[in-house]
Amino acid sequence: MRATFVLGRIAGVRIGVHWSVLLIFGIIAFGLSQGRLPETHPGRAWALYWAAGLCTALVFFASLLAHELAHAVVARRNGVEVDDIVLWLLGGAARLRTEASSPGAELRIAGVGPLVSLLLGGLFALGAWLLDLVSASGIVVEMVAWLAGINVLLAIFNSLPAAPLDGGRLLRAFLWWRTGDRLRATAGATAAGRVLGWLLVVLGLIAFMRTGAFGGLWLTLIGWFLIAAATAEGRQAQLRGVLAGVPVRDAMTPEPLTVPADTTVTDFLTSARYRYRHSAFPVIDDGVPVGLVTLDSARKVPQAEDRPVTVREVMMPLSQTTVVGPDSPLADLLPRMEPGAEHRVLVVDDGRLAGIVSLSDVSRTVTWLMRTDPGRRDGP
């Protein structure tokens, strides 16, 4: 699941939001301000209902973020680095750079999320009880009670044994422990995710046809997202199976054309040296890689009249670029790769640039492996 826009970073982890969050945020705010709150506490100003609904929706998404941050913290404690967290329709997803090293680590990383949601549900329930005890505003009590219920539901839903939910990760940990085969375990969890997704789609359509209620379509939408996410996860598992044991050096483009950091943007765009089909180039300074520059980013830079703009000023610095070693497993690089020239991966060996990797390089490697080793086609 890719982020539509980025909110910022927490503890070095990028926090992104998928567009589907806006949909669920609007539904929650509207449902509370125009439904539940006026029904349980009538006679208040419409602005109060809307303020309460929006505030509750914001706290709910803060709860989702806490859920995902728990995954990130436990992942790091188990030696797994986290690239980013993306909030989306079904909650959120913490994208890990590498796989867990053992079924036990997988169990801990996956299980902490539902536990945090369950804990938050209990704390909100306690808060609602205490607020009611001191005769706080009924709307405030209703907001906190709703947050208690939704966090408990989130914990239960995420515990369902189907990918990409946390329960799917728990199922994968169990299958991995029983079979000793991580890829086969992943295939089993993604198959369970597709089954659950189609079940929700069918149940949602039946409910809508019988009652005409919006809830049926909502269930169908959730099922559709589950199917899509589980299918994508299954495909990635197949790719990881094909690429098992393949180092990055076998897929990279070695000795790529580079751009000196002090080259002006004008020279970069007009030089015949860079008139290739490539859309991104590593940037070097005294032979050391310092970043990545794309043709699109360079073309968007207005040229200052008083001084020339250099590539160093418009490049993506190395700290924001994915960097790996030539002997790193190519399969572990897959979750970190995205479409787009700005997402090229730099291969660095002892501080020197060894190559560059794009998704097309990975695709070409997969095709070559399947042609030369037909047994890989029958992977997981």
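For our numbering, add 1 to where a residue sits in the sequence shown, where the first one is 1. Where is the CB? At the ideal position from N, CA and C, for every residue including glycine.
Cβ of residue i within 8 Å of any heavy atom in the ligand NAP?
i: residue 135; result: Because no ligand of any kind appears in the structure shown, any question about the ligand NAP cannot be addressed here.
Using only CA atoms, which one of the options lies nearest to residue i?
i: residue 315; options: 177, 63, 334, 292; result: 292
i: residue 226; options: 33, 93, 351; result: 93
i: residue 68; options: 179, 112, 26, 130; result: 112
i: residue 10; options: 50, 178, 87, 259; result: 87
i: residue 108; options: 49, 186, 134, 129; result: 186
i: residue 244; options: 66, 15, 363; result: 363
i: residue 285; options: 179, 74, 63, 348; result: 348
i: residue 221; options: 211, 198, 236; result: 198
i: residue 298; options: 254, 335, 317, 290; result: 317
i: residue 254; options: 365, 133, 127; result: 365
i: residue 26; options: 16, 51, 15; result: 51
i: residue 228; options: 373, 200, 104; result: 200
i: residue 319; options: 337, 283, 45; result: 283
i: residue 104; options: 48, 85, 182; result: 182
i: residue 15; options: 355, 357, 337; result: 337
Could you name the residues of the same chain whose beta carbon sits closer than 7 Å to that of residue i, not counting the 5 residues immediately before and after it, in chain order?
i: residue 295; result: 280, 281, 342, 343
i: residue 125; result: 145, 148, 149, 152
i: residue 381; result: The predicted position of residue 381 is uncertain, since its pLDDT is 38 and thus under 50; no value can be drawn from it.
i: residue 129; result: 142, 145, 146, 149
i: residue 310; result: 265, 266, 302, 304
i: residue 72; result: 95, 110, 113, 114
i: residue 42; result: 139, 140, 143
Just mark residue i as buried or exposed, buried being the case when its beta carbon has 16 or more other beta carbons within 10 Å.
i: residue 89; result: buried
i: residue 13; result: exposed
i: residue 170; result: buried
i: residue 102; result: exposed
i: residue 148; result: buried
i: residue 143; result: buried
i: residue 177; result: buried
i: residue 22; result: buried
i: residue 18; result: buried
i: residue 266; result: buried
i: residue 353; result: exposed
i: residue 272; result: exposed
i: residue 346; result: buried
i: residue 262; result: buried
i: residue 322; result: buried
i: residue 359; result: buried
i: residue 288; result: exposed
i: residue 8; result: exposed
i: residue 350; result: exposed
i: residue 44; result: exposed
i: residue 331; result: buried
i: residue 340; result: exposed
i: residue 127; result: exposed
List the DSSP bridge partners of residue i.
i: residue 317; result: 293
i: residue 254; result: 357
i: residue 207; result: Its beta-bridge partners do not exist; DSSP assigns none.
i: residue 311; result: 265
i: residue 87; result: 17, 94
i: residue 10; result: 15
i: residue 347; result: 324, 357
i: residue 284; result: 260, 292
i: residue 330; result: 248
If you drop the 5 nearest sequence neighbours on each side, which residues of the same chain put their C-beta closer than 6 Å to that of residue i?
i: residue 378; result: Annotation note: pLDDT 48 at residue 378 (below 50); position unreliable, coordinate value reported separately. The answer, listed in chain order, is 371.
i: residue 164; result: 190, 191, 194, 231, 234
i: residue 64; result: 121, 152
i: residue 208; result: 217
i: residue 173; result: 186, 187, 190
i: residue 156; result: 115, 118, 119
i: residue 167; result: 111, 114, 115, 159
i: residue 66; result: none
i: residue 368; result: none
Which same chain residues end up closer than 8 Å to residue i when comparing Cβ atoms and leaving out the 5 residues on each side of it in sequence?
i: residue 77; result: 83
i: residue 29; result: 54, 57, 58, 61
i: residue 81; result: 97, 98, 99, 100, 101, 102, 106, 110
i: residue 210; result: 217
i: residue 206; result: 217, 221
i: residue 180; result: 186
i: residue 133; result: 142
i: residue 75; result: 109, 110, 113
Next item on the list: Assess, as a yes-or-no matter, whether the stretch 127-147 is touched by the stretch 188-195 under the definition of 3 or more beta carbon pairs within less than 8 Å.
Entry: Flag = no, the stretch 188-195 and the stretch 127-147 do not touch.
Check: Can at least three beta-carbon pairs, one atom from the stretch 326-336 and one from the stretch 241-259, be found at a separation below 8 Å?
Finding: yes
Next item on the list: Give a yes or no on contact between the stretch 21-36 and the stretch 109-123, applying the rule of three or more CB pairs nearer than 8 Å.
Entry: no
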